[in-house]
Structure formats: structure tokens, C-alpha cells
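Chains as they are written, first to last, in this note's numbering: chain P, -11 to 321; chain E, -11 to 321; chain V, -11 to 321; chain R, -11 to 321.
Idealized CB from N, CA, C, for every residue including glycine.
Values in this document were obtained by computation on a predicted structure and should not be read as measured data.
Number of protein chains: 4
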Amino acid sequence: MTIPKPVYNPPFNVTRASHAVFNVKDLAASRAFYVDLIGFVVSDEDNDAIYLRGVTEACHHSIVLKHATGPSTYERVGMRVFTEEDLDKAKAWFDKAGLAAGFVERPYQGRTLHVSDAQGTPLEFCATMDVEPRLVVAFEHHRGAVPQRLDHFQLLVPDVPRQCEFYMTMGFRLSEYISPDGTDDLMFVFLQRKGNPHDIVFAPGIGPRLHHVAFSIPESYHFFYVCDLAADLGFADNIEYGPGRHGPGHALFVYLRDPDGHRIELFNTHYQVMDIENEPVRWDASYAAKRRWQLPPRRQWYTEASLFAGVEPREPARRGDPLSLEKFLAVEK
Amino acid sequence: MTIPKPVYNPPFNVTRASHAVFNVKDLAASRAFYVDLIGFVVSDEDNDAIYLRGVTEACHHSIVLKHATGPSTYERVGMRVFTEEDLDKAKAWFDKAGLAAGFVERPYQGRTLHVSDAQGTPLEFCATMDVEPRLVVAFEHHRGAVPQRLDHFQLLVPDVPRQCEFYMTMGFRLSEYISPDGTDDLMFVFLQRKGNPHDIVFAPGIGPRLHHVAFSIPESYHFFYVCDLAADLGFADNIEYGPGRHGPGHALFVYLRDPDGHRIELFNTHYQVMDIENEPVRWDASYAAKRRWQLPPRRQWYTEASLFAGVEPREPARRGDPLSLEKFLAVEK
Amino acid sequence: MTIPKPVYNPPFNVTRASHAVFNVKDLAASRAFYVDLIGFVVSDEDNDAIYLRGVTEACHHSIVLKHATGPSTYERVGMRVFTEEDLDKAKAWFDKAGLAAGFVERPYQGRTLHVSDAQGTPLEFCATMDVEPRLVVAFEHHRGAVPQRLDHFQLLVPDVPRQCEFYMTMGFRLSEYISPDGTDDLMFVFLQRKGNPHDIVFAPGIGPRLHHVAFSIPESYHFFYVCDLAADLGFADNIEYGPGRHGPGHALFVYLRDPDGHRIELFNTHYQVMDIENEPVRWDASYAAKRRWQLPPRRQWYTEASLFAGVEPREPARRGDPLSLEKFLAVEK
Amino acid sequence: MTIPKPVYNPPFNVTRASHAVFNVKDLAASRAFYVDLIGFVVSDEDNDAIYLRGVTEACHHSIVLKHATGPSTYERVGMRVFTEEDLDKAKAWFDKAGLAAGFVERPYQGRTLHVSDAQGTPLEFCATMDVEPRLVVAFEHHRGAVPQRLDHFQLLVPDVPRQCEFYMTMGFRLSEYISPDGTDDLMFVFLQRKGNPHDIVFAPGIGPRLHHVAFSIPESYHFFYVCDLAADLGFADNIEYGPGRHGPGHALFVYLRDPDGHRIELFNTHYQVMDIENEPVRWDASYAAKRRWQLPPRRQWYTEASLFAGVEPREPARRGDPLSLEKFLAVEK
């Protein structure tokens, strides 16, 4: 397996991971989780949807919660391109690749392009959104974990190397990857556009499914505070894994499941990877799976993920067998 | 079961939990753990022992690591009394209770009284120690978790109510206790002298055995830093449980096992309980066992503890069946 | 000057600094400061008074804000004794000392003894208060600086050595003191009962006046958060000095003035000083005045303080000349 | 005054502020400051120079300390371009602009372009550096403030609007600016390339001179810790201003002077400004000068700055009169 070559002059300029669109059963329950517990700011809300942003975000929303009566699916991975011209270039590029792209109207967003990637992941691109006040120093509005901004998406896909190549052709750069020991196979890839380690991450599994959306939070203090508050507000069981420290990626993290089972990650901030000499960092799978200091995650953390609305997931060629907490305890015994 | 009455004019004045004496196999390995990782300050050391203190302690030592060739036992629970006169009163009181007490010489300590409590726990009392500089603002000497001071001991004993009564007769005050739901049985007791919630805690189990010694650390930051440093220094597997939040007791905690398997707790600071109107706080066992936000501890956290040198532990009348991580996962499945 | 001898068997058992009673012009303005900004919990309030406590306090109040139409004075230094019997012993002791003591009724407090010390400071002692829930882990009620509990009072008095001797006769122990370089004169004294460095501090100046009441707060994070919130809520000018680090005393601090000009200190937690071998720590005045890392306080921090209602302050024998910010800048220039 | 239009397709791709080159009198003294106190990692050092990086940096250096016998000047503002091709485009662009640009060799850097901007500021561009291990999770090597990475430069220049236009033509985007009340004059400008609020900031004054280089640090805790450590290591007087909170820019900060008087800022992390709809944020000069919660800086913070080696500074058309601490205290009096 060869690592695809980076494309320094991409066909269109994706700037960053932008917004997450969740279908949820009960807007009030979701609001309690995202606003009262996690601390997102409400930009707009009505009977059908709630639009949320982090306290450092001037864009209208990085989360859309849409009321839906069916199963709790995930709708689209939202990305930003730099200019309106990039949107047109994107449409042309996807069309040429045989992936039909079309413009739609989305509230509070500029012209929005819908398309699915080569493995069927529904994507959404826009160049602009309405602008809201940044509340970074409006401390009287800070609550819960004081979420700063959306950082990245992690997806399960049946064919990681193919997905990696597809996104690198779009201009994404590989920052880190995990390979089976002694190989250079792309088992798990971190891809970025914004100069931090990742905007989108692909892990092997039945997919495409959304494993989690990650949001940055400020300090050690906030990791404990949000867990403590979760216990007080009746969300203790929503804490799925952590707090802990990542191996690859390096950040402190805690994973929570929202009332519909959608998983979010709260983590702290990251290093820069914009320099051209920063070769992708390779990790042995055995090292990456190794406990840093926390115990391993429960099996559900590996296997459960949100379906994309209307997208039938496919099995990977080979199922993984990661070190779950259940397995860890069985071995320890 | 009636809760024993507090004794406001105790027979002698115990002021606080003071120092822990561990027998260890390899002083260098213990030093790496206690000094390089946790950050204790070395007051003195030679081939036979290392004397350690926390950065806010002016007393010579709150931990003594003694080199021992046999099994890794725990030697004595060290307590402070206020004056030399209290030591004499203590001796008289224990002798009268049929518990032979005798004075011994211990390095860096004033006159030291040895005695075992009614269930055989070896105790050691002194009124003074040599004085060392408090390093609370000697920031260049702060390392690891920056341990502040010894706070309390937790012991497993076969008969908690009897132990509670014995210590309350000595003047210890009950700050919190756990009872089987719907009863006032003293299943688990927190006893204090220094005006914080506990100097000594008794839990039911095969004993007397030392469950852990607890030391206070400053901030959220230090909980993560010490875990991160543990991973870097090869001590990841020594982290047994946490970080997490206590139900009864309220503090953030992390439990580690030292190279000999002795357990220590690092936790953050506590409220005051000196006022006379502070009735002991009662917790239902079902509530106390309930997950706050972290997952339950592994079974080993409940069952493993340090033997006291030369003391044969006894079975409790009834074995408990606490919610271990293993049980939790089996039920969840 | 000889340091008075400690009294190990005091005439009555004072356990700790307990509560502050402020006369304020506008209860709503004070509530905005103490509750919305600092984060105190309201135990009770009516048109005449607001009763506040910190989140780790189970006692009914550690602050009483009393509406008063006259000048913004301070009413009484509130102390706790251990038992009702201690109250009677206290009355007898004060009466014998020629300081008329009398019992009064105070809301939410047990029997309360009023007396003034030898320099005219109005004191109030009680053994019990009504009990309120400790909100230490009720995180949804934590606000602002998340004040934990009242810790100590600092007073300006014309004759510090005499005050020191008076309180030591009552059983207070001297933990630290500042002396003019090369002398042992008691220029500035830290006195304690609760086993931490101070319950009451006497500094030289026109008095008796109340310099500040100090409350403990949890972490570094809260020092910045409360300042940031102050700026947002219109209280920036109420921040008088800090955040900074104390020399003697060692804690991080920030001083604020409430809407009536009463000064409070928020600081973080302290070491234990209960051991008998802990001799009072002596500091040279030149060292204590030395900048630790923050710039010196403005002149007003040294000279301004709250008058006690109905008490005429007296001049000290000799006025000090401490290093104010104004003087520091003049020298630097 | 009109704000220059952003250039979305710049003549060459500057990616970020990269490295600072200081001339220092005594390498050992500088090492004590930058390594022992602040916590930078030494990538290389010899008798002539020390090369330092932050713990999240994989590039060889973000600070070069060069031993120099003359006055303590600042050498060059180091910037990164994306590719080697961008370097050639940059040379052509500067040459065409009448600013002679030439390639030089610099240790541990790829091909390096030297040029001075239109107001005489010496710049240095390179596309690559040698790669060193990122020590972001090598916690045993974290010291002092645990500096993460270089973030931005602030310069004093006599003509801010002209400088702003020059850099915007190069592709820099204006993120925030301060204007005299009621005008849109560019009095103070924040310019960025990396998607955070600033890579280079221009303030009005005698110049070009370097006001400071800023480095990000992790948490509230580290602000206090580095100040505390400074006091212990004899660097208390090097703390010039802060900790405090910025108005424009929003970050927590502390400014220190190194042993040669070069000023550095330690601050915490920032929001993203990559979206095209993010119009530059305008601040009234009166608002920006307003105290947030800390007191204003001393006069020296406004007037003192590092000279560029061999560059004669020029007077601005009009001298400012900012609110210094000296002025603040005079008015308060």
C-alpha cells in the first residue's frame, strides 16, 4: 500500500469541518443535553429544529438538531469551502467524478451543495453562513463544558484506503494514520484542511456511519465539570468513555452519547500541522490500541455509530477485533 | 443499631492522621513511584528507608518506605496527638482497655506509642516530629501531582460497628456513614479528628487490612498531569481506578497502586465538619454504590488490600457484594 | 518583645471564624455582587437582610447582609465555639476581664454572645446554627467563583501586640507574624484556631476596622473566571488587587470591594498548622513587603477599611509606610 | 480611510508566523529564562546560538537566540510559505515591488529568503525546516509555562495603514482593528494567514520595532505557575504586565521581558477566523483602551520595544497617548 501523494493545488478549497446535522426524536430532550449540559449557544430554534454554535464561533451554527419521527439518524457532514467560486468548482469536480452534486437552500447558510462521496457519505458544502456574535468573552453565557467550536468528524467506512485517496484528491492532507504493525496499510486515517490534525477521520467498520463529532473545550477543569454536571442533571449514563488521553491525536477526551445515541467527543486543543515538511505520522496498530492510562472503551464504543439517513451501510472486507474493556477484563482475570 | 454518642471531652487529644509506614521490596522502584511520579519530597533516605513529605507539610514525614525482604506489608497507622501529656493519657487509656501500649523510639519522631486497636490494627502515636521547610511556594521543587499532605487512612475490618464505637470512644467524630437501605447499620464509616470529613475510614471486609492512604493534590490539572506522567514513566498500569468523583466524600479521586501493590488515593480538598450541629451524614448503600459518572471500579479495588505485618486478617461475618466493573459490564450486556 | 506563650488548655473552645455581618445600603446591589458575581448561595432573604453561605458550608450563613440607611459599616466578627458550655465559659471569662458580655437572639443561630474585645472590636460567638444542605457537589448551583467557605478576618488595630496577646490568652495560636527587620516585634500577626494558618489576622493601622473577610475558592480557573465575569457584569472596578500570590500565607488571592466598599478576599486553600512543633513563622517586614510577582497594591488597599458600627477608631502609635503601587512607580521612574 | 480589500488569491502563499531571531548578550542568562523558566525545548545549541521550540512544534525552532556583543537587538520576523515555489514567487513579487530580496543559508532551515518590508522591517521566509519530535505528550519534558508554539508578532510602525495595505496585498487578512472613536482609520491592525486571529499585528509608534512575540500556553494553571516559578527563580521583575484579559483578541495574557529586555507574551488559545463572511471586527479606541479587569500596563509597555539590528526607527506622524498605569493612578487620585 502506498500513501497517496498530497495535492497542494486542490480542485477546490475546502477550509474546514463546519457543521453537523442530527435527526432527533425529541427536541426538548436534545436541548437539555446540548444546551443545559454541554453549554452550546442557541442561535435559532423553532418546532422543527434547533441551531447551535460554540462560544468561539461567529458562524450561525455548527450543530443542527432536526426533529424527525423515524429512527435517530445522522443527516450530513457539513464542510466549508473558501469562496462561492469554490462551490462551483466543487460541483464541477464531483459531477466529473460521476457523483451527482446539486445546490439546495438551507436556512442561515449561503448556497449549499449536496453530494455523496464515493462510499455514499452524504456531504454538504457551503461558503458562507449568517454571522452571530462570538461569545468567547461573554462569560455570563458560558455554561457546562463551554464548547468552543466544532473540530472534526469521525466516520466508520468499509474501505478506509479508498476513502483516504478520495479525500486527498480533494486536497485533504493526511496528518496521522494507524497501520497494522509492520505494514503501511491505511487502517485508520486522520485528514485535515484547517491546519490542525484533523477535519475528518476514517476508521474501518460497517459504514458509512458517523462515529462521532468532536468539539473543543477549554481546560482540564471543564472535563471534570461537565461530567459532574452530567451526574447532577441525570446524564451520567450518557458518559460513554473517558475522560482519558488519546494516543494518536494526543488530546484529552470524553465521549458522550446524546439522547438519540449520537456520539460526541469533547476534547482539548491541538497542534498545528500546516508545514509541508510534516510527513504523516504513522502509528502501529498495537501501539494505538495500547492503553494510555485510562482503561479501554467498552465494546459499544467500537461498534455503535449513527446511520446516515437513507444510506444502507456495508460490511468491511475484514472486521477488526479491537481491545474493548470487556476483552481487557477477561484477559486480566 | 444505634450510632454511638460523640465524646466531646476525649480521654486524649488525637489531632489528625499523620504518617504511613510501608514495607517495600525495592526502595529504588518505590522512589521512582513516590518521588518521580507522585512528587513527594525526600526528607531523608538511606539504604533502609526513605522518609517523604508533601509540599505543604512541615513535619518530617508522612510516608516512611522501609526496605523489607519479606512480603509487601503495611506496618502501622500513624496518628498525631496534641501534646506529650496526651501520649501519656493515651497509654493509660489503652492499658486500661486491656490493649498493651508501649513507648518506642522512631527516627525523626518524638516519643512514640505503639499499640494495636481492638481488631488488631497496629497504631503509632506521637506528639512531635522534626520540622522541615514547607515547600508550598518552592515551585521549583513541585513535581508530578504536587502532593500537599496526608489526609486519611481507609481500612478493611471484619466488624465496622465495633471499630466505629472504639474510635468514637477515643474522641473521633463520625462525619458520614453508609447503611444498608432502610437501616441505620454502620456498614461503612468516616471518622475524623482534624475538622475535615475523615482521618480514618472503616469499610467491611477481611481485615484488618489497609485499603489505601489518601493524599490531597491541588487542582483538576494535576489529576490529568499525574496520569499522563504515569503513562510516560511506565506506570500506566499502576492507575487502578479513576479519575472519578466520589459520592460520599464528594472529592475528585484517582487510585494508584505502588510497585508493591500498596494503594494510595490522590484526591482534592474537602469541606469542614467541626461544627457540633453537623450530624453524621447517612447514605443509602444503594446510593453510595451508584455510579456518579465514572464506571465502577474493578473487583480488585474492593478485594485487594495491604496486610499488616504480622497480623492475621479475619473474615467478616458477612461478605459484601459490591458493584464491580466486571459485574456492571455483565449486567449491561 | 516576647512572643506570648501558647495556651493549650484555653478558657473556652473557639473552633473557627464563622460569619461576617455587613451593613449595606442597597440589598439588590449587594445581592448582584455576592450572589450573581461571587456565587454565594442564598439561605434566606427578606426586605431587611440576606443570609449567604458558601457551597461547602452546611451552616446557615457565613455572610449576613443587613440593610442599613446610614453609613456602610461592618457589624460584628462572628466566631464559633464548640459547645453551649463553651459559650457560658466565654461569658464568664469576658466578664471577669471587665468586658461586659451578653446573650442576644440572632436569627438562624443558637444562643449568641455579644462582647467587644479589648480594643473595641465587636465580636459575636455562637455554638450552633441552623443546618442547610451542603451544595459541594450540587454543580448545577455553582456560580461565579464557587466560594467554598469563610476562612478568616483581617482587622486593622492600633496596637497589634496587645491584640495578639489578648487572643492568644483566649487560646488562639500564632501561626505566622511579620516583624520589622532584625526585631521580634509583632507588627502583623496571623492567629488560628481551626488548624489552618489563620482565623483572624491583625495588621497595624487606624482601628479597629475590618480590612477584609476571606473566602476560599477552588482552582486557578476560578480566579480568572470571576475576574472575567466581573468585567462582563459591570464589576471590573470592584477588583482592587490581584490576582496575585501572597508571600506570608502563600495563597493565590484576589481582593474585591463590594458595592458598599467592604473588602473581600478570594483565595485558595491552605496548609495545616495543628502540630505543636509548628513554631510561629517569622517574616522580615522587608521580605513580606517585597513583590512576589504581582505589582504592589494601590495605597487604598493599605488605608481603606470598614468602620465597625458605632466604634470610633483610634490612631496607632506609629503610622506605617508600606510599599504602595504609587510609591513603587515613583521609585521606578 | 477605506479598509483595503482582501486578496483571496495571493501572489504567494504565506502560511503562518514561524520564528523569532533575538540577539542576546549572554546565552546562559537567556537559556535560564527561556528554558528553565518558560519551558522551551532545546533543539540545538552551541557557543553562538540556541535553537528552541515549543512542545507542540515539530519544526526545528521557533526561537533563535544568537549571541551578539552589541546592543540587544531583534534580527528578523520569520514567516513560513507553503512550498518552495512560493519562495520563488515571493522573491519575484518583492523584487517587482522594488524591495530587493535575496536567498541566504540558515541552519536547520530550507532555502531562506531575506527582504525588508516597505517600512524597513527585516523579514525572513522559508518553506521548510528540519523536523524534531513533537513533545506534546512527552509530559516528563514539560516545564514552566509549557509553551505550545509561536503564535504571532506585534510590531510598532510609524505608518499602520500603509503597513496594513502592504501585508493585505501579500494575502494577509485583517481580522480585527482598532480605530479612533467615530472613524474607520486603521490605528491598530491584527493580520492573519493561519486561520487564527493574528500572525502579525501592527501598532502605531516609533518603528519599525518589535513589541513582542507571542507564544500559546495551555491553561489558567500555567499562567499562575509560570509567575510563581519566576518569583522563585529570580525573574519576578521580568513580569511586566498581567496576567490579565485582552479586550480585542480575547485571550488571557502575561507579558515578560527576557534578560535583554525583549518582550514575549504568553497567552492562551484563540478562535478560528478562516470563514470568508468573517468581516474584520472593529473596536473603538476608547473601548480597546478600557480596562477589562486588570489595571492598565505601565508606560514602558507602550513605549519600550526591541530595535531591529541595523534599522533606524522613525517617528510616527502623530504620537499616541494611551492610558498607562501611571496616568490611571494620577486620574484616580
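Alpha carbon of residue i to alpha carbon of residue j, nearest angstrom
i: P236(E); j: K54(R); result: 58 Å
i: G42(R); j: E207(R); result: 15 Å
i: R131(P); j: A202(R); result: 29 Å
i: R94(R); j: D118(R); result: 11 Å
i: H199(R); j: A293(R); result: 5 Å
i: N184(P); j: P268(E); result: 52 Å
i: Q180(V); j: G159(E); result: 22 Å
i: D34(P); j: A89(P); result: 29 Å
i: G170(E); j: K278(E); result: 16 Å
i: I38(P); j: R161(P); result: 33 Å
i: P(-2)(E); j: H234(V); result: 37 Å
i: W192(P); j: H238(V); result: One detail in the question is off: residue 192(P) reads as Pro in this sequence, not Trp. If you take the alpha carbons of P192(P) and H238(V), they lie about 53 Å apart.
i: Q136(P); j: I252(P); result: 14 Å
i: E120(E); j: V29(R); result: 33 Å
i: L244(P); j: N226(P); result: 5 Å
Under 9 Å by beta carbon: chain E residues contacting residue i
i: D225(R); result: Per Cβ cutoff of 9 Å: no residues; D225(R) is ~17 Å from chain E at best.
i: V214(V); result: Ordered by position in chain E, no residue passes the 9 Å Cβ test against V214(V), which lies about 16 Å from the chain.
i: S208(P); result: E207, S208, Y209, H210, F211, F212 and Y213
i: V125(R); result: D216, A219 and D220
Residue i: contacting residues in chain P (beta-carbon distance under 7 Å)
i: D32(E); result: The contacting residues do not exist; D32(E) stays about 31 Å from chain P at best.
Identified DSSP bridge partners for residue i
i: T109(E); result: Bridge partners of T109(E): none, in fact.
i: D272(R); result: S167(R)
i: H200(P); result: Q142(P)
i: H7(R); result: G66(R)
i: F241(V); result: G232(V) and F255(V)
i: K54(V); result: N11(V) and A37(V)
i: H102(P); result: G90(P) and E112(P)
i: I188(V); result: F141(V) and L179(V)
Contact belief for residue i with residue j at Cβ below 8 Å, rounded distance in angstroms
i: F113(P); j: L101(P); result: 4 Å
i: I(-9)(V); j: D172(V); result: 7 Å
i: C47(V); j: D263(E); result: 6 Å
i: K(-7)(R); j: S60(R); result: Wrong, their Cβ atoms sit about 39 Å apart, outside the cutoff.
i: V299(P); j: P168(P); result: Contact flag wrong, Cβ pair sits at about 28 Å.
8 Å Cβ cut-off: residues of chain R touching residue i
i: A219(V); result: R233, R280 and W281
i: Y22(E); result: Here the premise fails: no neighbours, minimum Cβ distance about 16 Å.
Listed by chain order, chain A residues near residue i by CB distance under 8 Å
i: L317(P); result: Absent from the structure: chain A. Protein chains present are P, E, V and R.
Contacts that residue i makes with chain P (C-beta to C-beta distance below 9 Å)
i: H102(R); result: In chain order: nothing, as chain P lies at least about 20 Å away.
i: K182(R); result: G183, Q260 and M262
Under 8 Å by beta carbon: chain E residues contacting residue i
i: H49(V); result: Result: empty, since nearest Cβ-Cβ is about 12 Å, beyond 8 Å.
Residues that residue i contacts on chain V, provided the C-beta gap is smaller than 9 Å
i: D328(R); result: Residue 328(R) lies beyond the residue range present for chain R, which begins at -11 and ends at 321; the question has no answer from this structure.
Contact list for residue i against chain V, beta-carbon separation under 7 Å
i: L240(R); result: F212
Under 9 Å by beta carbon: chain R residues contacting residue i
i: N266(P); result: A46, C47 and V119
Per-residue contacts from residue i into chain V (C-beta, under 8 Å)
i: V65(E); result: Going along chain V, no residue has its Cβ under 8 Å from V65(E), so there is no contact; the nearest lies around 17 Å.
Under 8 Å from the C-beta of residue i: neighbouring residues of chain P
i: F255(R); result: Per Cβ cutoff of 8 Å: no residues; F255(R) is ~13 Å from chain P at best.
Three or more C-beta pairs below 8 Å linking the region 2 to 9 of chain V and the region 66 to 77 of chain V: yes
Are three or more beta carbon pairs between the region 311 to 320 of chain E and the region 138 to 151 of chain V nearer than 8 Å? no
Quick test of the definition: if touching needs 3 or more C-beta pairs under 8 Å, does the region 217 to 225 of chain R touch the region 106 to 113 of chain R? Contact between the region 217 to 225 of chain R and the region 106 to 113 of chain R is absent, with fewer than three C-beta pairs closer than 8 Å.
Would the region 256 to 265 of chain R and the region 274 to 292 of chain R be scored as touching if the rule is three or more Cβ pairs under 8 Å? no
Would you call the region 269 to 284 of chain V and the region 169 to 177 of chain V in contact, with 3 or more CB pairs under 8 Å? Contact holds: three or more Cβ-Cβ distances are below 8 Å.
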